[in-house]
Structures are given as C-alpha cells and as structure tokens.
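Residue numbers (my numbering), protein chains in the order written: chain S, 1 to 249; chain U, 1001 to 1249.
The C-beta atom is built at its ideal place from N, Cα and C for all residues, glycine as well.
The next block holds one structure in the form of structure tokens; read it before the comments.
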DNA sequence: CGGGGCTTTGATGTTCATCAATGTCTGTGG
DNA sequence: CCACAGACATTGATGAACATCAAAGCCCCG
C-alpha cells in the first residue's frame, strides 16, 4: 500500500506561493509575508480519496489548501453522510479544530492535494503580532459561515432540480476563482452530489439526467461538464459574489 | 403603531452585565472589561416579532444578545424561508455583515430582546489592542460554523422524526445554558420548526403529534414543553457539548 | 362578536427513497 | 489476452415520506 499522506519540510517558500499571483486573493505586506513564512512548518501532499482530517481527532496542525480540492463532511452512526462544504485553494482547513480542540467534521481529498501546514500552538502569537492577519482569519471564518447559510437554504428549501443546479454553479464558480477548473469540468461523483444535497443517489441521477436533457450539462467519465452556466444559475436563483479580493494565509 | 426598536445610550454598564455571572461564560479581565465597556455604544431593545437586521443592509453596528432570543433566516424570491440558526444571550449578531459589508441574512426576534450595540468601525482597534478578545471573536465564529455543520447534517440526512427531536433538544440545551428556559418550555411556533428543518408545516405538525403521543413533549399555547429530553436526544443522536466555558463580548 | 394567528385533521397527489438489476469502464491478476 | 472484480452510472418498479389543498377548531384580542 502506498502512503496516502506525505509531509515535507517546507519545500515551497511563501515568497513563491502561487496563490499570491491569483486575482481573487489579497496579496501580503512584507513583514506579514515574512511572519507567515515562519508560521508555515511544511507541506503536506495527500492522495486522491485519502482522508486529510478526521472527526474527533485532536490535530496539532492547521492548513491552507495550496492545490487540489476536497470536501468536509459529517457522518451519522448508521453511515448516512452529509457533505457540508468543499475546500479549495486558499481555504483554511482545520481552524474549527484548532480553536475548539476536537475536529467536528472530516475532510477527504477529491483530487491529489497539497496543503501548507501551520502549527496551531502558534496561532495565538499571530493574533498578538499581526492583528491584520487575525482579522483576515475571522473574515475567512465568516465567509465559511455565509456559504453554510446558503447551503442550508439550498438543502432545506430548494427542489431537487434547483439543488443540483445550485450546487454545480456554486462549485464551478469557486473552482474557477481558485484556479481549479478552466474548462467547466468538475471531477466528482453523483454520490458526492447526493450527499451534499441530502437526496438519494438514484434521484440525483435522474435529476442530473433531466438537466442533461435540457443541454445544461453533460456527465462524462466520472465528472460533470457544465454547458450552460447561465441557465443553471437562473434555475437555482444563484447570483455571483461581490468580486472583492479575499485574504488567505 | 408602536416603535419596534428603541436605542438607549448605554443604560447597562458592562461591569453589571448579567451574562458575566453565568456559569457557561468565561469572565473578563480588568482591562478587557474596561475596553469592552468603551466599545459598547448603547443598548437596543427590540419587540417580539420585529426585525433586528435585514438581509442586504449595510449596518454600522454589531451586537451581542443580552436577553431574549431570535432567529437568523434567509428567503428565496418566492417567499420560501429557511431558518438558519437561533440567537441567544451571549451570541454575537451581525459579525458577518461587519466583515463582509452586506448582511447575507435577516434576524427576527422571537421574544422581547435587548442587545448591546457595538460600532463595527472600532472592531479593528479591538483586534489591535486585545488579541485575546480577537481570538475570542474567532472562537465564536467557529462555534457558529459548528452549529451550522450540525444543522446541515440534520436537514440533509435525518428523518423528519429525528429532525424535530434534534432541533428541540438543541434549542432547549442552548436556552438552558444561556439562562432562557428554566422549565423546559420553548416559545416558538410550528412554522418556525418547519422552516428550520426544511419540511412543511402540516408534516411538522403530524411529526410533533407522533412525539407527543409518546409523551416526549407537549405542545401548549404557542410553545413546546419538553417532557423527556433523554428520549429525544436518543432519537436524534444528539450528544451534549463539552461544557467548556465560552467567551462572549 | 368578529377576525387573525396558530394548530389540527383528512384527503389527495407528487416527490423522493428504496430495491434490484444491468451496463460500462478500469485496473488487476492469471 | 481474457476473466474478473470493483467503482460508478443508469434504469424500471414499488412504496413510503412528504407536500399540498382545504377546512375546521381554538384562543386571544380588539
């Protein structure tokens, strides 16, 4: 069996971080950059399908996604799974566990991923020395809250057709922003869609088929190709975000 | 028509804040207390049923609930409503709007409420001067995220019976912690329950009737009386929180 | 006494879950 | 090269869960 996670001692310095070049992200000041550089302890490479973090664990680390993507989820005792959100480049992973001690959800990789590793014990010194960064972290937590509010609205009150449309547009938009998908293709299974939206796999499949018959999308070899994003957005009542640059660590 | 909101210039100084006495909350240090006292600009009294904050607004304030309770919700264009969480004494309200500019949800009072009013323009100076308090705010945001993750699991993957059981135990536990309900009674309508759980009012009613027939609860004059919290918790797969003291502002 | 908010109930139909089977593709070992 | 298993997608049949519609009851308040 091959290793599913591999830690390396800071192979990529923050000065060369590819995220800093991306339009959506707020770039760093000199001394902030230098501090984050020291705050970062290394890189973690994770294989597709591997578990990054597990519910109930007391992990001494905190991460920023550098490349690839995954999802956060929770389980009921009998195995029912709810995907709670997706994590993409620039997203902070494990903050909740850092603050509250124990992870309340798990994270699994949907593709090969790499993550920056931070020491959660040093988080408070960041708060003391760089209030701007502390503010950024709260901003990031707040953005997560917004997304969760939206998901609740979707899962609770939208129809299956609206749900699928919403989810795919939501993911595609985020993926584009963080530089993941440039051809409108998303590599996830219908089971992931079902577990995000709170509907069964079979019903998900039939709902996707309805959207495909309208030529809004096409499902092909383990992924989804969005053909008409506007139509899906219209169906879902989805509106694009503000376009303001956002912080990251 | 009577006024639904009334602002008074700091009628209650933080030194006498009733929340500081409660077991669940972490108490303040001297200079922190003094700073928060200056950060607080006044008190807001809100009538039952009134809107505290409205989606889309740019509110210059940030609040902490002092007494009473309410709920956060979002609407779809056609009027479908999703209640996203409840707010109770000690909870921070409006943080998301403070950080991201525009409120992404509304808040309505379920009872007479009073709130501490803070100036969001001064939030960053709090981050600069009191990193401990900044850390606390992030902690609070993170706790909200946890609750939302749980709600998603409930709305997405639990059955109607489990949903109702979960919600009522969840609310009762929080209410007890923040000193709202001491006799196991919750003053909310079945419409609120329905809009929280993503099910219809009629089905909610019939599900509540099932729980009532098992003597787990009783619905009486516009409220719910929980008779057997353990049975509901068991049904819902609910487990009590850690019991660690939590911060507030 | 009438009206409005909330709850309750029954009837009916749709959405969705569940079950079961089949198809396709991919990788693996003989 | 073929046989095989495993992951994922697809399809049809059936029933349960849930939504919707409609009406009636209760209670408080003006």
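* To do: Could you name the residues of the segment 1111-1140 of chain U whose beta carbon sits closer than 7 angstroms to any beta carbon of chain S, in the order they occur along the chain?
  => Going along the segment 1111-1140 of chain U in chain order, one finds 1124, 1127, 1128, 1131, 1134, 1135, 1137, 1138 and 1139 with a Cβ nearer than 7 angstroms to chain S.
* Asked: With 9 angstroms set as the bound, which would you pick, yes or no: does the beta-carbon of residue 1235 of chain U sit closer than that to a beta-carbon of chain S?
  -> Working through the second chain from its first residue, we reach residue 1235 of chain U at position 235. So, not an interface residue.
* Asked: What residues in the segment 1189-1210 of chain U have a beta carbon less than 9 angstroms from any beta carbon of chain S?
  -> Taking 9 angstroms as the Cβ-Cβ cut-off against chain S, the residues of the segment 1189-1210 of chain U that qualify are 1195, 1196, 1197, 1198 and 1199.
* Does residue 230 of chain S come within less than 9 angstroms of chain U when only Cβ atoms are used? -> The residue labelled residue 230 of chain S in the question sits at position 230 within the first chain. For residue 230 of chain S, not one C-beta of chain U is nearer than 9 angstroms to its own C-beta.
* Look at the Cβ atom of residue 1065 of chain U, then the Cβ atom of residue 1004 of chain U, and state whether they are nearer than 9 angstroms. => By 1-based counting over the second chain, the position of residue 1065 of chain U is 65. By 1-based counting over the second chain, the position of residue 1004 of chain U is 4. No, the Cβ-Cβ distance between residue 1065 of chain U and residue 1004 of chain U is not below 9 angstroms.
* To do: Tell whether a beta-carbon distance below 9 angstroms holds between residue 1108 of chain U and residue 1063 of chain U.
  => For this step, residue 1108 of chain U is matched to residue 108 along the second chain. For this step, residue 1063 of chain U is matched to residue 63 along the second chain. Taking 9 angstroms as the Cβ cut-off, residue 1108 of chain U and residue 1063 of chain U do not qualify as a contacting pair.
* To do: Helix, strand or coil for residue 1235 of chain U, going by three-state DSSP, please let me know.
  => On the second chain, residue 1235 of chain U is found 235 positions in, with the first residue counted as 1. Reduced to three states, the DSSP call for residue 1235 of chain U is helix.
* Do we get a CB-CB distance below 9 angstroms when we pair residue 1169 of chain U with the residues of chain S? -> Counted from its first residue, the second chain places residue 1169 of chain U at position 169. At least 9 angstroms separates the CB of residue 1169 of chain U from every CB of chain S.
* Start and end of the beta strand (DSSP E) containing residue 1107 of chain U? -> Residue mapping note: residue 1107 of chain U aligns to position 107 of the second chain, counting from 1. Taken as a continuous stretch (DSSP letters only), the beta strand (DSSP E) holding residue 1107 of chain U covers 1106-1109.
* Could one say the Cβ of residue 177 of chain S lies closer than 9 angstroms to chain U's Cβ atoms, at least one of them? -> For this step, residue 177 of chain S is matched to residue 177 along the first chain. No, residue 177 of chain S does not count as interfacial toward chain U.
* To do: Quick one: list the residues of chain U neighbouring residue 77 of chain S, beta-carbon separation under 8 angstroms, in chain order.
  => The residue labelled residue 77 of chain S in the question sits at position 77 within the first chain. Residue 77 of chain S reaches chain U at 1237, counting residues in chain order whose Cβ is nearer than 8 angstroms.
* **Residues within the segment 1068-1095 of chain U neighbouring chain S, beta-carbon criterion of under 8 angstroms** => Answer set for the segment 1068-1095 of chain U: 1072, 1074, 1076, 1077, 1080, 1081, 1082, 1084 and 1095.
* Can a CB atom of chain S be found closer than 9 angstroms to the CB of residue 1017 of chain U? -> Position 17 of the second chain holds residue 1017 of chain U. No, residue 1017 of chain U lies away from the interface with chain S (no Cβ there is under 9 angstroms from its Cβ).
* Interface partners of residue 1174 of chain U on chain S, CB under 7 angstroms -> Taking the second chain and counting its residues from 1, the one referred to as residue 1174 of chain U is at position 174. Per Cβ cutoff of 7 angstroms: no residues; residue 1174 of chain U is ~16 angstroms from chain S at best.
* Name the chain S residues that come within less than 8 angstroms of residue 1184 of chain U, Cβ to Cβ? -> Within the second chain, numbered from 1, the residue matching residue 1184 of chain U stands at position 184. Here the premise fails: no neighbours, minimum Cβ distance about 26 angstroms.
* Nearest to residue 1176 of chain U by alpha carbon, out of U/1103, U/1220, U/1218 and U/1022? -> Looking up residue 1176 of chain U in the second chain gives position 176. Of the candidates U/1103, U/1220, U/1218 and U/1022, U/1022 places its Cα closest to the Cα of residue 1176 of chain U.
* alpha helix (DSSP H) runs contained entirely in the segment 1162-1237 of chain U, provided each spans 4 or more residues -> If one requires a minimum length of 4 residues, the alpha helix (DSSP H) runs lying completely within the segment 1162-1237 of chain U are 1190-1197, 1201-1213 and 1229-1236, in chain order.
* Asked: Name the chain S residues that come within less than 7 angstroms of residue 1103 of chain U, Cβ to Cβ?
  -> The count along the second chain starts at 1 and reaches residue 1103 of chain U at position 103. Listed along the chain, the chain S residues whose CB falls inside 7 angstroms of the CB of residue 1103 of chain U amount to none; the nearest CB is some 10 angstroms away.
* So does the segment 1213-1231 of chain U actually touch the segment 1094-1109 of chain U, counting three or more Cβ pairs closer than 8 angstroms? -> Contact fails: fewer than three Cβ-Cβ distances are below 8 angstroms.
* Report yes if the C-beta distance between residue 238 of chain S and residue 165 of chain S is below 9 angstroms; otherwise report no. => By 1-based counting over the first chain, the position of residue 238 of chain S is 238. By 1-based counting over the first chain, the position of residue 165 of chain S is 165. Between residue 238 of chain S and residue 165 of chain S, the C-beta gap is smaller than 9 angstroms, which places the two residues in contact.
* Residue closest to residue 189 of chain S, alpha-carbon to alpha-carbon, out of S/110, S/84 and S/30 -> On the first chain, residue 189 of chain S is found 189 positions in, with the first residue counted as 1. Comparing Cα positions, the closest option is S/110.
* **Residues of the segment 145-158 of chain S whose Cβ lies closer than 7 angstroms to any Cβ of chain U, in chain order** => Those residues of the segment 145-158 of chain S placed with their C-beta closer than 7 angstroms to a C-beta in chain U are 145, 146, 148, 149, 151, 152, 153, 155, 156 and 157, ordered along the chain.
* **residue 1091 of chain U, enclosing alpha helix (DSSP H) - first and last residue** => Along the second chain, one-based indexing puts residue 1091 of chain U at 91. Bounds of any alpha helix (DSSP H) do not take in residue 1091 of chain U, whose DSSP letter is neither H nor E.
* Would you list, in sequence order, the uninterrupted alpha helix (DSSP H) runs of no fewer than 4 residues that lie entirely inside the segment 18-85 of chain S? => Along the length of the segment 18-85 of chain S, whole alpha helix (DSSP H) runs at least 4 residues long occupy 30-39, reported in chain order.
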